[in-house]
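The next block holds one structure in the form of structure tokens; read it before the comments.
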Amino acid sequence: MFKAGNDNWKTPLGYYEKAIEELRRSREDLQEMKVNYLHNHNIESNFASFKTEIKELKSELKTMQERLANTEETTIKAQMTLAETQKASLAAQTELQALKEIMTDEQKSNYRILEELVQIKEQIFQLLSQVVEKDSQTSVLKSLSDVQLHLSQLAEELTLVSHTSGIDYRKLQELLAEQKWQDADKETYSTMLKICEREEEGWLDDGEIKRFPRHDLYIINKLWVQYSEGKFGFSVQQRIWQAKKDCKRFAYKVGWLASLANNDWVKYEEYTFSLDAPKGHFPSISRLVGLDSTNLGGVQHQVKIFLSRY
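Letter 248 of the sequence shown, counting from 1, is numbered 229 in the working numbering, and no numbers are missing.
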């Protein structure tokens, strides 16, 4: 075996042993180079793999961002719908409160409707507490639509059917919606006489005026104001009366009296059955309280009583 510092390497055997030693070292160096090459090659391969994974992750992130954007947009729409439903619920509650105040001295019934409206309010706030996820958008929006429809149906029932007199005012609503002012006025006149069972007399005395249900006055007024864009209705007439407080001037202002110089009353057939009529022209309470008579002083207190009932 060749050893350093030994002169035997100068012999043929020494040359052979030295060559073998150098060959062994070369093999070790080659093996080390191979290991290093494979190591470096794996790093490059892993780097390429990492680049591919990063690219895939970026693509997935983009997809998730797009889905998130769509979900946020749908969520905003759902929240807007919820806000509108809350607004409708608040309006219904306000209307109910107004009805309660009007019905202070009237018969209180129909609690089923009030209870259902309370339940609807609870349903709305339950929906608000739900987590609006992508897969639940359709069901949430459908639930909101059902709640709004239910609320609308109950509001219509509460508004158009009097729990006091039992009168259904949907016919009056249809006539006003079609702007059939004369037919609507006749419907109002006949309905009010029917409530007081005064069809034969054709007018209301002091007692009937005082006993007339406020809830029905509220419904009639609301419909007239709504479909005339605030031009007709008891509330409009009341404001004019408060400004005049005189039967003759009041009748002239609303267009029932032709002239202040005399008691020349406008015939009912000659009333202005359109939105061109003076403010407060309808409903024509002149016929109900006998205002179109020559005895203005005798009916002034009836006008005052009637308009104070609203």
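Each residue gets a CB set at the ideal place from its N, CA and C atoms; glycine is no exception.
Residue closest to residue i, alpha-carbon to alpha-carbon, out of the options
i: residue 155; options: 209, 185 and 33; result: 209
i: residue 254; options: 6, 214, 164 and 222; result: 164
i: residue 204; options: 264, 6 and 284; result: 264
i: residue 150; options: 226, 236, 267 and 201; result: 201
i: residue 157; options: 213, 143 and 194; result: 213
i: residue 245; options: 272, 261, 221 and 227; result: 272
i: residue 251; options: 238, 261 and 260; result: 238
i: residue 182; options: 291, 270, 33 and 60; result: 270
i: residue 220; options: 147, 51, 288 and 2; result: 288
i: residue 160; options: 13, 286, 266 and 257; result: 257
i: residue 167; options: 285, 60 and 267; result: 267
i: residue 281; options: 194, 193 and 186; result: 186
i: residue 178; options: 206, 140 and 148; result: 148
i: residue 207; options: 9, 2, 33 and 140; result: 140
i: residue 291; options: 233, 33, 228 and 194; result: 194
Straight-line gap, residue i to residue j (C-alpha atoms, nearest Å)
i: residue 44; j: residue 68; result: 36 Å
i: residue 112; j: residue 47; result: Only weak support exists for where residue 112 lies, its pLDDT of 46 falling under 50; the value from the coordinates is given anyway. Whole-angstrom Cα-Cα distance: 19 Å.
i: residue 65; j: residue 249; result: 44 Å
i: residue 215; j: residue 54; result: 46 Å
i: residue 283; j: residue 58; result: 54 Å
i: residue 224; j: residue 199; result: 21 Å
i: residue 152; j: residue 196; result: 17 Å
i: residue 262; j: residue 231; result: 11 Å
i: residue 84; j: residue 51; result: Unreliable positioning characterises residue 84 in this predicted model, as indicated by a pLDDT of 49, which lies under 50. The coordinate reading is nonetheless provided below. The straight-line gap from Cα to Cα measures roughly 49 Å.
i: residue 146; j: residue 162; result: 23 Å
i: residue 306; j: residue 61; result: The structure shown does not extend to residue 306, since the chain is modelled only from -18 through 291, so no value can be given for it.
i: residue 142; j: residue 260; result: 27 Å
i: residue 222; j: residue 174; result: 23 Å
i: residue 5; j: residue 40; result: 52 Å
i: residue 241; j: residue 71; result: 46 Å
i: residue 192; j: residue 172; result: 15 Å
i: residue 236; j: residue 218; result: 11 Å
i: residue 144; j: residue 176; result: 13 Å
i: residue 301; j: residue 180; result: Absent from the model: residue 301. The displayed extent of the chain is -18 to 291, so no value can be given.
i: residue 233; j: residue 227; result: 10 Å
i: residue 211; j: residue 170; result: 20 Å
i: residue 188; j: residue 243; result: 30 Å
i: residue 9; j: residue 2; result: 11 Å
i: residue 304; j: residue 184; result: No answer is possible for residue 304: the residues shown for the chain start at -18 and end at 291.
Beta-bridge pairing of residue i - partner residues as DSSP gives them
i: residue 246; result: 238
i: residue 142; result: 149
Three-state secondary structure assigned by DSSP to residue i
i: residue 257; result: coil
i: residue 204; result: helix
i: residue 287; result: helix
i: residue 262; result: coil
i: residue 227; result: coil
i: residue 209; result: coil
i: residue 166; result: helix
i: residue 188; result: helix
i: residue 195; result: helix
i: residue 156; result: helix
i: residue 180; result: coil
i: residue 161; result: coil
i: residue 233; result: helix
i: residue 174; result: helix
i: residue 272; result: coil
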